[in-house]
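Worksheet: the structure to be examined is printed underneath.
Next up, the structure:
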């Protein structure tokens, strides 16, 4: 998958998804459509406020400067504003209102695992919260700072920026494993691997900005998960700093030596430790690739076809269904609307690998899609999707700028529950947000036994967008829990999903999470407020 | 894979692997070979002793009879002898010496999850150990009873036989998931699925006798793991009874809702709870299958070829390398010796699926094997392996009968470490057991990043077989740890691997396991002595 055109991030905008220089207004064509659907109300971000005064004990600051050097201990307002929150719509709406009250007291940039461990030890000794920061693209309230720490009775909050842990630490070209620093962003990790003809293959929508450590800590899943697997399936080893000391896991591809404790660190969101290094399975870069689109008659036919591919072992590398509404609007990529909008559901397929694999798999996939009423739309829709694959969140900024309420949410369930879950979430969100709400849905992660459902919601805005979304999100979570889906397939728990986690893991599971937290973080300094109910 | 000829177990022999009527002496041809290599010393099992007097409080027995009915509370000596130990060579040598001092006080057979929970609650209230019993085929000291309980300060031990939890509890033919009772043996589970045209595809060597719950609790891996995955990869949901109450997990094929707690129950060996139901991914029964053998020039060529298959996404359903020694002796299947023994390493390949998949994959596999110097030996060696696939442990009994010291052990590592690990274990075991030791090795579980190594060790016997094996096993574990492999790829920890677990999970991991144990089993009644260091 060609990611070479993905530029590394420049200065990020605390009120938007990406770098300041990537903000762009709605395209004129889309603007007309949006006006018709939701109305237009230019709502530019307010000036950002001033973060609260740094309340850390002076001894902590001095010790951190001694440890890391003054260049890597930063209390500048600009940087603290950038570390105040993640990138959910509620996060952005707060930032757009100028609210930076939750800024951390200090941003620290350790150079390596040992410095991370030393910062943690200091934080434990002084009861200061540590919020790991990778790419800052989280959307579940997992990135927060000073206010939360003070509410938890701690002396303040450090934003622990892992950006300097950006090396390819080890490469085993026989076993095809690579040990990556947790701070490596997606494009940088792929670039380091590409020098050796290798590829990781993890392309979430946040790929441009998100980090290896973040992928691990949140159980990220990428757009090529059908071919490369979820990120947790790529991980063979982990190294973390914890208040109990260093934790290294992963001596073999698979083991029966008790519970798989890697799976305790994966998805632990900085609450059990700070992941500093991740050893991943890599692959030789594919020599061939083909992308294309099909039109399936409807969502039922498309999910049946895709289920057949998964259950017959015929998955391509990328597989994605847009439901009828998303197909018609194709908000993620307006340039393809014309072709795909005539009717039905767009299915995007990408196959990578050897030329023979691509040819054979393409033939197999085409047969199944055709058997379910699919019409081949040619390469166009597939390549359009590929070109626009990381663009969605930029479009969200543009929509927020004109007053629309827009956000996404996702879940997953077994195949037999997909239709019911999709209807339940759509109904719940629509009922909550009222007339004029648009709910698009796509399937982008497919398994033998089920799939993910990813919803994009847009509604007329107003002054109370944050509160209205809060109510809609709660209604969606209730609907998901009632329908038996997971509260999150690839976005983690954070603060936002925490009220519903007990439905998923049970009272016994809640007890286990609390026991893990008490064991690994007895003073409660690690990312307080996330994950553990 | 045709398992229809696999008869359900009849009465099991506490001094042998299988049912009493399956014991068979060494074939005459093998007998000559064994005499040459190790000498023959007929060593029939001694009569079994009498289990210690039941030391349980009378109130416990009365309550259990009230709960389960008298037919399902059994203190007969015959049954208690059968529940005294698992099926490792040390277990069998103790049993063959007549030693049943570790028999449980009572064998109870609850009917369903609720009765399991009620038994657990009783055991907690009276501080009685609960040792879950599935198929009893464990080989790591995970099945033990009364003596262990008394050493742990408990009032006695119940063998919790899950045999009555033998139903197909739910089947979702759309999602292809099945919920199986934990007590279902391999053949019974497959037979229930076969009625619906489905297959689980888990065929460990213990398949005839081992249970679904045991597969989960020990992270079993089957002979078709290349095609169907390890058992832990098949599990989508679990239900367990714990001292904290019922625990249900698994609402979706995949989730980012925090750590994957299913992976805490998988491999927990009865120490954290009793798995009562397992929801697994199933597949439609394959319409086509082909098995065959190749001769590769040597182990290095064979592992390179097999690694290539794994890393290029060309794995068949069954893939197995016998090293030069195993190939020459082919102890697992003497009938094939003639054909395969000429030189090199035997690689067995099986492909199942649609006719097209079988044809294509066969061609792809053949190309890779040929490119690495492989010679096609035709269907014979593949089918001979398939016919004898569950036979190894019966042969062990026959060898123990004639005084040979014989046992197996297994590990796994990344590809770059395979040769070093194989040599280290072979050397350690050979040095420990001395002249005349034969160490065979095969690879039977293959991943993109590495593989398992399974060793069969045979040596001249003598009066001290148990002690000599104990020393050799310790030497092997030390060698594995030093070489960086896992102490067990698919046999679990039990008591036998517990001294080495901290090397694998670290001090932090040991703390986590202890915290999990304290949370889930605060009175320490669950299978005391296993897993947790």
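Residue numbers (the numbering used here), protein chains in the order written: chain A, 4 to 536; chain B, 4 to 536. Positions of the beta carbon are idealized from the N, C-alpha and C atoms, including for glycine.
Cβ neighbour criterion (16 or more within 10 Å) applied to residue i
{"i": "residue 120/B", "result": "buried"}
{"i": "residue 462/B", "result": "buried"}
{"i": "residue 154/A", "result": "exposed"}
{"i": "residue 266/A", "result": "buried"}
{"i": "residue 439/A", "result": "exposed"}
{"i": "residue 426/A", "result": "exposed"}
{"i": "residue 73/A", "result": "exposed"}
Test: residue i CB closer than 8 Å to a CB of chain B
{"i": "residue 360/A", "result": "yes"}
{"i": "residue 284/A", "result": "yes"}
{"i": "residue 140/A", "result": "no"}
{"i": "residue 179/A", "result": "yes"}
{"i": "residue 532/A", "result": "no"}
{"i": "residue 271/A", "result": "yes"}
{"i": "residue 355/A", "result": "no"}
{"i": "residue 303/A", "result": "no"}
{"i": "residue 336/A", "result": "Any reading at residue 336/A must be qualified, since the residue scores a pLDDT of 48, below 50, and its modelled position is unreliable; the value itself is stated next. Not closer than 8 Å to any Cβ of chain B, the Cβ of residue 336/A fails to qualify, so no."}
{"i": "residue 221/A", "result": "yes"}
{"i": "residue 491/A", "result": "yes"}
{"i": "residue 418/A", "result": "yes"}
Simplified DSSP state of residue i, which is helix, strand or coil
{"i": "residue 273/B", "result": "coil"}
{"i": "residue 154/B", "result": "helix"}
{"i": "residue 164/B", "result": "strand"}
{"i": "residue 266/A", "result": "helix"}
{"i": "residue 338/B", "result": "Caution applies to residue 338/B, whose pLDDT of 49 falls short of 50 and renders its modelled position unreliable; the value that the coordinates give is listed next. The answer is helix: DSSP assigns residue 338/B an H, G or I state."}
{"i": "residue 244/B", "result": "strand"}
{"i": "residue 389/B", "result": "helix"}
{"i": "residue 329/A", "result": "helix"}
{"i": "residue 416/B", "result": "strand"}
{"i": "residue 365/B", "result": "helix"}
{"i": "residue 291/B", "result": "strand"}
{"i": "residue 455/A", "result": "strand"}
{"i": "residue 22/B", "result": "strand"}
{"i": "residue 180/A", "result": "strand"}
{"i": "residue 435/B", "result": "helix"}
{"i": "residue 251/A", "result": "strand"}
{"i": "residue 405/A", "result": "coil"}
CB contact below 8 Å: residue i versus chain A
{"i": "residue 251/B", "result": "yes"}
{"i": "residue 214/B", "result": "no"}
{"i": "residue 175/B", "result": "yes"}
Rounded separation between residue i and residue j - CA only
{"i": "residue 285/B", "j": "residue 181/B", "result": "7 Å"}
{"i": "residue 403/B", "j": "residue 179/A", "result": "42 Å"}
{"i": "residue 287/A", "j": "residue 359/A", "result": "15 Å"}
{"i": "residue 312/B", "j": "residue 398/B", "result": "32 Å"}
{"i": "residue 2/A", "j": "residue 49/A", "result": "Residue 2/A is absent from the model: chain A starts at 4 and stops at 536."}
{"i": "residue 527/A", "j": "residue 132/A", "result": "8 Å"}
{"i": "residue 269/B", "j": "residue 28/A", "result": "50 Å"}
{"i": "residue 276/A", "j": "residue 137/A", "result": "14 Å"}
{"i": "residue 79/A", "j": "residue 111/A", "result": "11 Å"}
{"i": "residue 302/B", "j": "residue 408/B", "result": "26 Å"}
{"i": "residue 305/B", "j": "residue 163/B", "result": "44 Å"}
{"i": "residue 410/A", "j": "residue 84/A", "result": "22 Å"}
{"i": "residue 197/B", "j": "residue 393/B", "result": "20 Å"}
Cut-off 7 Å between Cβ atoms - residues of its own chain near residue i, not counting five sequence neighbours on either side
{"i": "residue 535/A", "result": "274, 516, 517 and 520"}
Beta-carbon contacts of residue i that lie in its chain and below 6 Å, excluding the five residues immediately before and after
{"i": "residue 140/B", "result": "90, 209, 212 and 213"}
{"i": "residue 230/A", "result": "320"}
{"i": "residue 504/A", "result": "496 and 536"}
{"i": "residue 223/B", "result": "207, 234 and 493"}
Neighbourhood of residue i by C-beta, 8 Å cutoff - its chain only, sequence neighbours within 5 removed
{"i": "residue 431/B", "result": "475, 478, 479, 481 and 482"}
{"i": "residue 290/A", "result": "356, 357 and 358"}
{"i": "residue 118/A", "result": "70 and 71"}
Residue i Cβ short of 7 Å to the ligand SAH heavy atom set
{"i": "residue 147/B", "result": "The ligand SAH is not among the ligands present in this structure, which contains no ligands whatsoever."}
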